[in-house]
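Participant: Before I ask anything, here is the structure I am working with.
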Amino acid sequence: MLFGLPEVRSQSPERQEAVAGGKEEIKPLKVGEKVPEEFWNKEHLFYIEGDTVRKNLEEFRGKLLILDFWASWCGACKSWFSNNSQLQKEYGNGIKILLVNSDTLHDDLIKIDKVLSDHRYFEEKNGQSIIYDSYLKNFFPYFSIPLYIWIDSGGMIRAITTFDFVSSSQIKTLLNRKQFSRWKGDKGE
């Protein structure tokens, strides 16, 4: 099995103005940094039960959020959906494993619908995926998928992993900690 880990880069957690065009540039986030407020408020295109809707991530704030970056052509991504489904059932509302598809070149809505409707994960009411995403990919650039971003209840990035680290024992370890954000001395609840 082959997988890749993102390269290590020196970076600043602050967002800076891009020189050309005056657009804000999104700086990649790393483990130990808190997601910015706009992370929760930005609207995304979601695929939910065969339909698309626009909504933000606010409903997932305050719980363990695991972003699972995937694509329709990725066999490893698709094979892990049933594990995601099982973990989501096991931990219920305490966590959210949210699929994120950033492949705008190869994944048309017909392919996405076929992949997601073929997997048990999407037979459940909680099955949903952000699709055609570039915003989250800018925060978490990747070179291979599936890639999992672990964001704790305080909005702190706790891990960036491959699929083989997504397990009940890892989730239990994070959920058993009284206050994730206090690991770095934050006072946030």
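Numbering (the working numbering), first residue to last: 1 to 189.
Quick reminder that beta carbons are idealized off the backbone N, C-alpha and C, glycines included.
Owing to the predicted nature of the structure, the values given are computational and were not obtained by experimental measurement.
(1) Just checking my contact of phenylalanine 140 with proline 28 at CB under 8 Å: how many whole Å lie between their CB atoms?
(2) Who are the Cβ neighbours of glycine 185 in its own chain at under 7 Å, not counting the five residues just before and after it?
(3) On the CB-based measure, 16 or more other CB atoms within 10 Å of its CB, does valine 53 come out buried or exposed?
(4) What first and last residue would you give for the beta strand (DSSP E) that runs through asparagine 101?
(5) Kindly indicate the opening and closing residues of the alpha helix (DSSP H) around isoleucine 110.
(6) Taking glutamate 25 as the reference, give the member of Ser153, Tyr135, Ser168, Asp118 with the closest Cα.
(7) Work out the CA separation of glutamate 58 and lysine 42 for me, nearest whole Å.
(8) If you pair each beta-carbon of the region 137 to 151 with each one of the region 106 to 117, do three or more pairs fall below 8 Å?
(9) Given a threshold of 16 other Cβ atoms within 10 Å of its Cβ, counted over all protein chains shown, does lysine 96 qualify as buried or as exposed?
(10) Once DSSP output is grouped into helix, strand and coil, what is the label at threonine 52?
(11) Within this structure, are the beta carbons of asparagine 101 and alanine 71 separated by less than 8 Å?
(12) Any idea what DSSP makes of serine 172, helix, strand or coil?
(13) Work out the CA separation of tryptophan 80 and aspartate 107 for me, nearest whole Å.
(14) The alpha helix (DSSP H) spanning tryptophan 40 covers which residue range?
(15) Please state whether DSSP places glutamate 59 in a helix, a strand or coil.
(16) Classify alanine 76 as helix, strand or coil using the three-state DSSP reduction.
Facilitator: Reading off the structure:
(1) With a Cβ gap of about 7 Å, phenylalanine 140 and proline 28 count as contacting.
(2) In this predicted model, glycine 185 has a pLDDT of only 46, less than 50, meaning its place in the structure is not dependable; the value taken from the coordinates is given anyway. Residues of the same chain with their beta carbon placed closer than 7 Å to that of glycine 185 are lacking, with the five preceding and five following residues left out of the count.
(3) Classified as exposed, valine 53 has fewer than 16 neighbouring CB atoms from the shown chains inside 10 Å of its CB.
(4) Looking at the DSSP string, the run of the beta strand (DSSP E) that includes asparagine 101 is 95 to 101.
(5) Segment 109 to 117, the alpha helix (DSSP H) holding isoleucine 110.
(6) Distance from the Cα of glutamate 25 is smallest, within the candidate group Ser153, Tyr135, Ser168, Asp118, for Tyr135.
(7) If you take the alpha carbons of lysine 42 and glutamate 58, they lie about 9 Å apart.
(8) Contact fails: fewer than three Cβ-Cβ distances are below 8 Å.
(9) Counting of Cβ neighbours within 10 angstroms places lysine 96 among the buried residues, the total reaching 16 or more.
(10) The answer is strand: DSSP assigns threonine 52 an E or B state.
(11) Their beta carbons are under 8 Å apart, which means asparagine 101 touches alanine 71 by this criterion.
(12) According to the sequence provided, residue 172 is lysine. The question's serine does not apply to it. Secondary structure at lysine 172: helix, using DSSP grouped into helix, strand and coil.
(13) If I take the Cα positions, the gap works out to 18 Å.
(14) Counting along the chain, the alpha helix (DSSP H) containing tryptophan 40 begins and ends at 37 to 41.
(15) Here glutamate 59 sits in helix by DSSP.
(16) Alanine 76: helix per DSSP, three-state reduction.
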